[in-house]
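Peer 1: Sequence lines, in order, name chains F and P. Position one of the first sequence corresponds to residue 65 (this note's numbering), numbered consecutively onward. Position one of the second sequence corresponds to residue 1366 (this note's numbering), numbered consecutively onward. Think of the CB as a built atom: it goes at the ideal place given N, C-alpha and C, for glycine as much as any other residue. Bear in mind the structure is a predicted one, so any value in this text is a computation, not a measurement.
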Amino acid sequence: MSTETMSVSRKYRKRSKLGEIWHHLKKNKGAMTGLGILIVMFAVALTIDFWLDMEKVIGQNISQKLQAPNSLHWFGTDEMGRDMFWRVVYGSRYSLAIGFVAVMVSLAVGVPLGAVAGYYGGKVEGLIMRITDIFSAIPSILMGVVIVSILGSSTFNLMLAVGISSVPNFVRITRAAVLTVKNEEYVEAARALGKTDLYIIFRHILPNCLSPIIVQTTLRVASAIVSASSLSFLGLGIKPPSPEWGALLTAGKTYIRGYSYLCLFPGLAIMITVLAFNMVGDGLRDAMDPKLKR
Amino acid sequence: MHKYIIKRILMLIPVTIGVSLLVFVMLDLAPGTVVDIIGGEMTTEEIAELNHELGYDRSVFYRYFIYMKGLLHGDLGTSYIYKVDVWKLYMQRLPATLQLAGASVFLAIVLSIPLGIKAATKHGGVTDNLSMVAALLGLSMPNFWLGMMLIVLFSNQLGWLPSYGATDGFKSLILPAFTIGTGLMATLTRTTRSSMLDVLRADYLRTARSKGVPEKKVVKKHALKNALIPIITIIGTQLGNAVGGAVVTENVFAWPGVGRLIIDAINQRDTNTVTGCIIMTTVMICIIQVVVDVVYAFVDPRLRAQYASAKTRKKPEKVQGGAAA
């Protein structure tokens, strides 16, 4: 085989599914920008304890209180003289953790329920879907408020509340995805080979339903971050002086008339994070299902 | 069509039973009861009497049973805190919520649909790219933060608009409506654009163009009409969300709507008010859905045919069968 033919065959060699998705994703500038922002944020959130002196985040200095953004304090200082830049940077830990754990809770409950509903159909499906209807009849923010009221306000309970209130979305999406593949020949073949239902669902059906679930997960992390900060803002999540972004907004609300920068930067941080997740989510959706590309 | 509407309304019964049971059980699991709130300065005997009166000395299911008995007679119960009928309380707050929901959805429709159409017809152009970036920003902005920033700019700095309450009529409505409307605008622009893009590639549009129909007419008369179904669906969903879930925005602007009432009632463990308001919200959302379904039928003759009763659907089959015989 000549060198030219080899290079052509290398160029057109079959990509794995993951490689195919990456190939499409990296062409999408928005998604790559979002991914870049998220990588930086994760790197900061994961390593911040190693390189940041906590005194910068929690250290109070009343003589420096309520200073507008300047070269020393890029985002200004709060009513206790704490540097808002470092508090916002440190807040990424809370928001990213809440977003991810909340969505893991939704996934862990919603995906198996949706898969069972879609796979078995009939009465099981009817029961699961009616319960889902009841849960989704209550607006998710109200559901979050009730759950936090039951469990008490703490970071973990906030994650649970936000996670539980998004379960119906995952049930619906998984069920719809399972319905499209459950009658495929490979499922019938697995059944003919005597595999158990549980094995068929987890080994054959769910791996083929991953695209909509992954896209929904990315987009849901974004909305979980907003929901969590909304609950904190309503006084039900993480309480000030924790530097969670919603809590920073709650604390800044009191001083909004004269010191609006106290609310500006935590809000911008939420917006940029959510924007990054939405860009990656949109990019993944286009990469995984080019038919949906807009 | 009538049958379909009746079926949709009947479906409300199991959902109402489920939602009310869920709310009752969940609020019972929450620590503290309304008696802790209103019985602050009462003696132990008075508290015991109040607990007995409100059924807190019995199981949650007993209280639920009593509530449902009342509900069957159209009684949403009495608020423990405000000492008035929940129905009256809800009706007092509903106009403010509807006003806000209506204004924000109106704003979204007026701005987003033309923008979405423009973006689709100029696919890949500057308008398209700018509107998609704006929509993505609108989707990513937390409502309550946008509300706060609008207050800073238009109330504190410029002094043009009031920052809270609903006492200044139309002026009071602008900021909260824009706050809720931004998210809706973003979703609606994206949906309109994507739906129009689907339709603009259709063969019948190529036919219309080749017949010499002017492009404006092609877009307005042929494309938009066929792209309307997903747009109407999104408008319905968004209106439903605005009616039931504008809790945080109502809080930022101290807007006297249903959302704030429910949040206060949850914090005060006023079970009757929470349950009554959530049932009413569910009913409102269902009504919106039914209206949306009726609008579908007006827009799309194919769907009108699907809604038609079984009897009317069977008729042509019989005629066909007869002809064949």
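Does any C-beta atom of chain P lie closer than 8 Å to the C-beta of residue 228 of chain F?
Peer 2: Position 164 of the first sequence, counted from the start, is the residue given in the question as residue 228 of chain F. No, residue 228 of chain F lies away from the interface with chain P (no Cβ there is under 8 Å from its Cβ).
Peer 1: Going along the chain, which residues of its own chain have a beta-carbon closer than 7 Å to the beta-carbon of residue 1380 of chain P, five neighbours each way excluded?
Peer 2: As a first step, residue 1380 of chain P must be located in the second sequence, where it is residue number 15. Excluding positions up to five away in sequence, the list reads 1647.
Peer 1: Please compile the residues from chain P whose C-beta is within a distance smaller than 8 Å of the C-beta of residue 335 of chain F.
Peer 2: Here residue 335 of chain F corresponds to residue number 271 of the first sequence, with the count starting at 1. The contacting residues are 1502, 1505, 1506, 1507, 1510.
Peer 1: Tell whether a beta-carbon distance below 8 Å holds between residue 171 of chain F and residue 234 of chain F.
Peer 2: Residue numbering aside, residue 171 of chain F sits at position 107 when the first sequence is read from its first letter. Residue numbering aside, residue 234 of chain F sits at position 170 when the first sequence is read from its first letter. Their beta carbons are under 8 Å apart, which means residue 171 of chain F touches residue 234 of chain F by this criterion.
Peer 1: Strictly below 7 Å CB to CB, what residues from chain F border residue 1609 of chain P?
Peer 2: To locate residue 1609 of chain P, count along the second sequence from 1; it is residue 244. Simply 203.
Peer 1: Between the Cα of residue 1584 of chain P and those of P:1538, P:1410, P:1479, spot the shortest distance and give me the residue it belongs to.
Peer 2: Counting from 1 along the second sequence, the entry for residue 1584 of chain P is found at position 219. It is P:1479.
Peer 1: Ordered along the chain, which non-local residues of its own chain (more than five positions away) have a Cβ less than 7 Å from that of residue 232 of chain F?
Peer 2: Locating residue 232 of chain F in the first sequence gives position 168, where the first residue counts as 1. So the list reads 196, 199, 200, once near-sequence residues are dropped.
Peer 1: Comparing C-alpha positions only, which one of F:301, F:147, F:139, F:91 sits nearest to residue 117 of chain F?
Peer 2: Taking the first residue of the first sequence as position 1, residue 117 of chain F is located at position 53. Looking at the Cα atoms, F:147 is the closest of the given residues.
Peer 1: Would you say residue 1546 of chain P and residue 1469 of chain P are within 8 Å of each other, going by their C-beta atoms?
Peer 2: Start at 1 with the first residue of the second sequence, and residue 1546 of chain P comes out as number 181. Start at 1 with the first residue of the second sequence, and residue 1469 of chain P comes out as number 104. Yes. Within cutoff.
Peer 1: When the Cβ atoms of the region 1452-1459 of chain P are set against those of the region 1617-1628 of chain P, are three or more pairs found closer than 8 Å?
Peer 2: The region 1452-1459 of chain P vs the region 1617-1628 of chain P: in contact.
Peer 1: Among P:1550, P:1506, P:1541, which residue has its Cα nearest to the Cα of residue 1520 of chain P?
Peer 2: For the purposes of this step, residue 1520 of chain P is identified with residue 155 of the second sequence, where counting begins at 1. Ranking the options by Cα distance to residue 1520 of chain P, first place goes to P:1541.
Peer 1: Report the CB separation of residue 289 of chain F from residue 334 of chain F in whole angstroms; it is logged as a contact under 8 Å.
Peer 2: As a position in the first sequence, residue 289 of chain F is number 225, starting the count at 1. As a position in the first sequence, residue 334 of chain F is number 270, starting the count at 1. Indeed they touch by this definition, with Cβ atoms about 6 Å apart.
Peer 1: Anything in chain P within Cβ reach of residue 197 of chain F, meaning under 8 Å, just list it in chain order.
Peer 2: Residue mapping note: residue 197 of chain F aligns to position 133 of the first sequence, counting from 1. Within 8 Å Cβ-Cβ: 1380, 1383.
Peer 1: Report yes if the CB atom of residue 94 of chain F is closer than 8 Å to the CB atom of residue 345 of chain F, and no otherwise.
Peer 2: Here residue 94 of chain F is taken as the residue at index 30 of the first sequence, counted from 1. Here residue 345 of chain F is taken as the residue at index 281 of the first sequence, counted from 1. In this structure, residue 345 of chain F does not lie closer than 8 Å to residue 94 of chain F by Cβ.
Peer 1: Is residue 152 of chain F close to chain P, meaning its C-beta is less than 8 Å from at least one C-beta of that chain?
Peer 2: Within the first sequence, the letter at position 88 stands for residue 152 of chain F. It does not: the Cβ of residue 152 of chain F has no partner Cβ on chain P nearer than 8 Å.
Peer 1: With a CB to CB cut of under 6 Å and the five nearest residues on each side skipped, what residues in its chain are close to residue 1538 of chain P?
Peer 2: As a first step, residue 1538 of chain P must be located in the second sequence, where it is residue number 173. Counting only Cβ-Cβ distances below 6 Å, and skipping sequence neighbours, we find 1468.
Peer 1: Can you give the Cα-Cα distance for residue 1564 of chain P and residue 1667 of chain P, rounded to whole angstroms?
Peer 2: Locating residue 1564 of chain P in the second sequence gives position 199, counting from the first residue. Locating residue 1667 of chain P in the second sequence gives position 302, counting from the first residue. Distance between the alpha carbons of residue 1564 of chain P and residue 1667 of chain P is about 16 Å.
Peer 1: Answer yes or no: do residue 1477 of chain P and residue 1561 of chain P have a C-beta to C-beta separation smaller than 8 Å?
Peer 2: Here residue 1477 of chain P corresponds to residue number 112 of the second sequence, with the count starting at 1. Here residue 1561 of chain P corresponds to residue number 196 of the second sequence, with the count starting at 1. It is not a contact, given that the beta carbons lie outside the stated cut-off.
Peer 1: Compare the C-beta of residue 213 of chain F against all C-beta atoms of chain P and say whether one is closer than 8 Å.
Peer 2: By 1-based counting over the first sequence, the position of residue 213 of chain F is 149. True, the Cβ-Cβ gap to chain P drops below 8 Å.
Peer 1: Helix, strand or coil for residue 1440 of chain P? Go by DSSP, reduced to three states.
Peer 2: As a first step, residue 1440 of chain P must be located in the second sequence, where it is residue number 75. Coil, per DSSP.
Peer 1: Can you tell me where the alpha helix (DSSP H) with residue 1642 of chain P in it begins and where it stops?
Peer 2: As a working note, residue 1642 of chain P is residue 277 in the second sequence. It spans 1636-1664 - the alpha helix (DSSP H) in which residue 1642 of chain P sits, taken as one unbroken run.
Peer 1: Can the beta-carbon of residue 331 of chain F be found closer than 8 Å to that of residue 314 of chain F?
Peer 2: As a position in the first sequence, residue 331 of chain F is number 267, starting the count at 1. As a position in the first sequence, residue 314 of chain F is number 250, starting the count at 1. Taking 8 Å as the Cβ cut-off, residue 331 of chain F and residue 314 of chain F do not qualify as a contacting pair.
Peer 1: Could you pull out every unbroken alpha helix (DSSP H) segment of at least 4 residues lying fully inside the region 1524-1600 of chain P, listed in chain order?
Peer 2: The region 1524-1600 of chain P contains these whole alpha helix (DSSP H) runs: 1535-1565, 1568-1575.
Peer 1: Which residues, taken in chain order from the region 322-352 of chain F, show a beta carbon closer than 9 Å to some beta carbon of chain P?
Peer 2: Going along the region 322-352 of chain F in chain order, one finds 322, 324, 327, 328, 330, 331, 332, 334, 335, 336, 337, 338, 339, 340, 341, 342, 343, 346 with a Cβ nearer than 9 Å to chain P.
Peer 1: Based on Cα-Cα distance, which residue from P:1615, P:1572, P:1431 lies nearest to residue 1528 of chain P?
Peer 2: Residue mapping note: residue 1528 of chain P aligns to position 163 of the second sequence, counting from 1. Nearest of P:1615, P:1572, P:1431 to residue 1528 of chain P, Cα basis: P:1615.
Peer 1: So within the region 239-295 of chain F, which uninterrupted alpha helix (DSSP H) runs reach at least 4 residues, ignoring any that extend past its ends?
Peer 2: Listed in chain order, the complete alpha helix (DSSP H) runs (minimum 4 residues) inside the region 239-295 of chain F are 249-256.
Peer 1: Closer than 8 Å by C-beta to residue 64 of chain F: which residues in its own chain qualify, once you throw out the five before and the five after it? Chain order, please.
Peer 2: Residue 64 of chain F falls outside the range modelled here, since chain F spans only 65 to 358, and no answer is possible.
Peer 1: Hey, is the region 268-285 of chain F in contact with the region 185-192 of chain F, meaning 3+ C-beta pairs nearer than 8 Å?
Peer 2: Counting Cβ pairs under 8 Å, fewer than three are found: no touch.
Peer 1: Take residue 261 of chain F as the anchor and find which of F:181, F:213, F:352, F:328 has the nearest alpha-carbon.
Peer 2: For the purposes of this step, residue 261 of chain F is taken as residue 197 along the first sequence, with counting starting at 1. Cα-wise, what sits closest to residue 261 of chain F is F:181.
Peer 1: Note down, in chain order, every chain F residue with its Cβ under 7 Å from the Cβ of residue 1616 of chain P.
Peer 2: As a working mapping, residue 1616 of chain P is identified with position 251 in the second sequence. Those within 7 Å of residue 1616 of chain P in chain F are 298.
Peer 1: Does any residue of chain P have a CB that is nearer than 8 Å to the CB of residue 13 of chain F?
Peer 2: This structure gives no information on residue 13 of chain F, because the portion of chain F shown stretches from 65 to 358.
Peer 1: In terms of residue numbering, what span does the alpha helix (DSSP H) encompassing residue 100 of chain F cover?
Peer 2: Reading the first sequence from its first residue, position 36 is the one you call residue 100 of chain F. Here the alpha helix (DSSP H) through residue 100 of chain F covers 93-115.
Peer 1: Name the DSSP beta bridge partners of residue 1602 of chain P, please?
Peer 2: Within the second sequence, the letter at position 237 stands for residue 1602 of chain P. Per DSSP, none; premise fails for residue 1602 of chain P.
Peer 1: May I ask which residues mark the beginning and end of the alpha helix (DSSP H) holding residue 317 of chain F?
Peer 2: As a first step, residue 317 of chain F is located in the first sequence; it is residue number 253 there, counting from the start. From DSSP, the alpha helix (DSSP H) with residue 317 of chain F extends over 309-317.
Peer 1: Should residue 210 of chain F and residue 1391 of chain P be called a contact, given that it needs their Cβ atoms to be closer than 8 Å?
Peer 2: What you label residue 210 of chain F is simply residue 146 of the first sequence in a count that begins at 1. What you label residue 1391 of chain P is simply residue 26 of the second sequence in a count that begins at 1. Closer than 8 Å, so yes.
Peer 1: Please report how far the alpha carbon of residue 1492 of chain P lies from the alpha carbon of residue 350 of chain F, in whole angstroms.
Peer 2: For the purposes of this step, residue 1492 of chain P is taken as residue 127 along the second sequence, with counting starting at 1. For the purposes of this step, residue 350 of chain F is taken as residue 286 along the first sequence, with counting starting at 1. Looking at the two C-alpha atoms, the distance is approximately 21 Å.
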